[in-house]
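Working notes, structure below.
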Amino acid sequence: MGRAFVYVIVGGGVAAGYAAHEFVKRGVSQGELCIISEEPVAPYERPALSKGYLLPEAPARLPSFHCCVGTNEERLAPKWYKEHGIELILGTRVKSADVRRKTLLTATGETISYKYLIVATGARALKLEEFGVNGSDAANVCYLRDLADADRLVSVMQSCTGGNAVVIGGGYIGMECAASLVINKLNVTMVFPEAHCMARLFTPKIASYYEEFYQSKGVKFIKGTVLASFDFNADGKVTAVNLRDGSKLPADMVVIGIGIRPNTSLFEGQLTMEKGGIKVNGKMQSSNSSVYAIGDVAAFPVKVVGETRRLEHVDSARKSARHAVAAIKEPEKSGEFDYLPFFYSRVFTLSWQFYGDNAGEVVHFGDFSGNTFGAYWIHKGQLVGSFLEGGTKEQYEAIAQATRLKPKVEDLAELERQGVEFALSVSEKAPSPRPTEVGGGSGMILEKPLYAWHAAAGVIVAASVAAFAYWYGRRRRRW
1 MGRAFVYVIV GGGVAAGYAA HEFVKRGVSQ GELCIISEEP VAPYERPALS
51 KGYLLPEAPA RLPSFHCCVG TNEERLAPKW YKEHGIELIL GTRVKSADVR
101 RKTLLTATGE TISYKYLIVA TGARALKLEE FGVNGSDAAN VCYLRDLADA
151 DRLVSVMQSC TGGNAVVIGG GYIGMECAAS LVINKLNVTM VFPEAHCMAR
201 LFTPKIASYY EEFYQSKGVK FIKGTVLASF DFNADGKVTA VNLRDGSKLP
251 ADMVVIGIGI RPNTSLFEGQ LTMEKGGIKV NGKMQSSNSS VYAIGDVAAF
301 PVKVVGETRR LEHVDSARKS ARHAVAAIKE PEKSGEFDYL PFFYSRVFTL
351 SWQFYGDNAG EVVHFGDFSG NTFGAYWIHK GQLVGSFLEG GTKEQYEAIA
401 QATRLKPKVE DLAELERQGV EFALSVSEKA PSPRPTEVGG GSGMILEKPL
451 YAWHAAAGVI VAASVAAFAY WYGRRRRRW
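Residue numbers 1 to 479, in full-length UniProt numbering, belong to the letters of the sequence shown in order.
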């Protein structure tokens, strides 16, 4: 038994939703497109899970954050897919793939054939057991990757108010979950092996600012060591976290954020792999011309840095999805994917954006004792990366534009003195960037603020639609 489609998307995350939206915009007939997803719900904006979903009051809940509200576009609820003749096969795992025969076999035994396949399988959270530590199945140990994880985290968090939460990992998930745990009135300790938080991106000076801010909110940091084991009670719940340095931390709940691994197993031995993902060209096309890969699972040529990379971020997922569909539907009109790496976060009253590459010599600027500061990275005499905390819309757009242009920099002291004015000056002299190329361009919407008092600074929420408008309102604020 089987079904045939022209286009099949395997995976149901952010990239899948944006790919479906792009197919409809470019024209797709009833019954031509199918999405197969292990999750039981239509594609949604995953960033909400570590932000609005964890709010103690008026939390974000589906259907409010289905794709594509993250870019201030229409919300693709299940009804939307039905209206456009798109088949949603939800709660279904793909058991195997045969790219030569252009078929997928689901766990239910159904064969799905395609003309074009888009791999949007994303990545999975790394488990403790992969590092020799047992305890992932304990009732109060939480990960955060999908909706089921978020529901579990909310349940455990609500049962532990006033208790002790230990966050393992100092990256994106660790930092954003720690902020959410604080507002839910838990005592938070973060543990990670690096010398400072967000070590893959932040400089020590930048990290110090955020660590001090978190400490002012009550968060404790234990750095330079890792989780060794747990203590359990008779019910199998974790009661304490044992660290390799000999420390023991009381724990009513534990959140694990130690990285992800791309879901490539279906295609290993069939498609060329690189950087842990599926290698694609500038069209997002794999070594098999009928198979495309997008989002976290795709390793694509990043022209601005001159190498192939995997970028684990929602902005890359959205834009790579759109580019892949354009390449499939209008190959003669679509150029090479020319993406400027973009990362951001917004927690407490803080909001930062980063563009480009953090390679070369770093030049910090601004007031690190205040609210607005940043950094530039200079490699071989050119600007290759920019970071800004507390900027305006104009300033964020300027650092994005300047980073893409890669202007020459000869005097680092003068660059430090000018600070963000350097980027503003460069961007004023240049033509506007193509909106699809710059991650934080004017068409992009930032996540809504994590806390109500932050929202009050710039967002008026209509009471009748509080949960939706608070997080994904139609006002054009940056994601």
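We put the CB at the ideal spot given by N, CA and C, even for glycine. Source: prediction; values computed, not measured.
Item	Value
Buried or exposed for Phe-131, going by 16 or more other Cβ atoms inside 10 Å?	exposed
Between Gly-31, Leu-128, Phe-342 and Ala-107, which lies nearest to Ala-228 when the distance is taken from Cα to Cα?	Leu-128
Could you check what DSSP says for Glu-87 in three-state terms: helix, strand or coil?	strand
Can you have a look at Trp-479 and say buried or exposed, based on whether 16 or more other CB atoms are within 10 angstroms of its CB?	Residue placement at Trp-479 is flagged as unreliable, the pLDDT there being 30, under the threshold of 50; the coordinate-derived value follows with that caveat. It counts as buried.
Please classify His-323: does DSSP put it in a helix, a strand, or coil?	helix
Could you check if Met-198 is buried or exposed, using at least 16 other CB atoms within 10 Å of its CB as the buried criterion?	buried
Could you give the uninterrupted runs of the alpha helix (DSSP H) lying entirely in the region 129-216, keeping only those of 4 residues or more?	147-159, 172-183 and 204-216
So, for Asp-357: in the same chain, excluding its five sequence neighbours on each side, which residues have a beta-carbon less than 8 angstroms away from its beta-carbon?	Val-304, Val-305, Pro-341, Trp-377, His-379, Val-384 and Gly-385
If you follow the beta strand (DSSP E) that Gln-353 is part of, which residue opens it and which one closes it?	350-356
Is the separation between the beta-carbon of Ala-321 and that of Ile-294 shorter than 8 angstroms?	yes
With a threshold of 16 other CB atoms inside 10 Å of the CB of Arg-93, please say whether the residue is buried or exposed.	exposed
Please state whether DSSP places Pro-301 in a helix, a strand or coil.	strand
Give me the Cα-Cα distance between Lys-25 and Arg-46, rounded to the nearest whole angstrom.	22 angstroms
Of all Cβ atoms in chain D, is any one closer than 8 angstroms to the Cβ of Asn-187?	The structure shown contains no chain D, having only a single protein chain.
Among the residues of its own chain, which have a CB less than 6 angstroms from the CB of Thr-239, if the five just before and after it don't count?	Asp-231 and Asn-233
What does the alpha-carbon distance come out to for the pair Glu-274 and Asp-235?	43 angstroms
Going by DSSP in three states, Glu-268 sits in which element: helix, strand or coil?	strand
May I ask you to report which of helix, strand or coil DSSP gives Asp-245?	coil
Do the CB positions of Tyr-339 and Ile-118 come within less than 8 angstroms of each other?	no
Hey, Phe-23 and Val-325: beta-carbon distance below 8 angstroms or not?	yes
Mark Ser-247 as exposed unless 16 or more other C-beta atoms lie within 10 angstroms of its C-beta, in which case mark it buried.	exposed
Count the other CB atoms, across all protein chains shown, that sit within 10 Å of the CB of Ala-398; report buried if there are 16 or more and exposed otherwise.	buried
So which of Arg-100, Tyr-116, Glu-211 and Lys-95 has the shortest CA-CA distance to Ala-107?	Lys-95
Kindly indicate which residue of Ser-208, Leu-126, Ile-222 and Ala-317 has the alpha-carbon position closest to the one of Val-166.	Ile-222
Leaving out the 5 sequence neighbours to the left and right, which residues in its chain are closer than 6 angstroms to Thr-225 when beta-carbon positions are compared?	Leu-243, Arg-244 and Asp-245
Going by DSSP, which residues form a beta bridge with Gln-382?	His-379 and Lys-408
Would you call the CB atoms of Asp-70 and Pro-59 closer than 8 angstroms?	As written in the sequence, residue 70 is Gly, which differs from the Asp given in the question. Not a contact, by the Cβ cut-off of 8 angstroms.
Assign Ala-120 to one of three DSSP states: helix, strand, or coil.	coil
Just to confirm the assignment, what range does the alpha helix (DSSP H) spanning Val-363 have?	Here Val-363 belongs to no alpha helix (DSSP H); instead the beta strand (DSSP E) covers 361-366.
Using the rule of at least 16 other Cβ atoms within 10 Å of the residue's Cβ for burial, across every protein chain shown, is Thr-189 buried or exposed?	buried
Can you tell me which residues form a DSSP beta bridge with Phe-343?	Phe-354
Distance, Cα to Cα, Gly-162 vs Leu-54?	16 angstroms
Using the three-state DSSP reduction, which class does Phe-232 fall into: helix, strand or coil?	strand
CA-CA distance, residue 482 and Thr-349?	Nothing can be reported for residue 482, as the shown portion of the chain is limited to 1 through 479.
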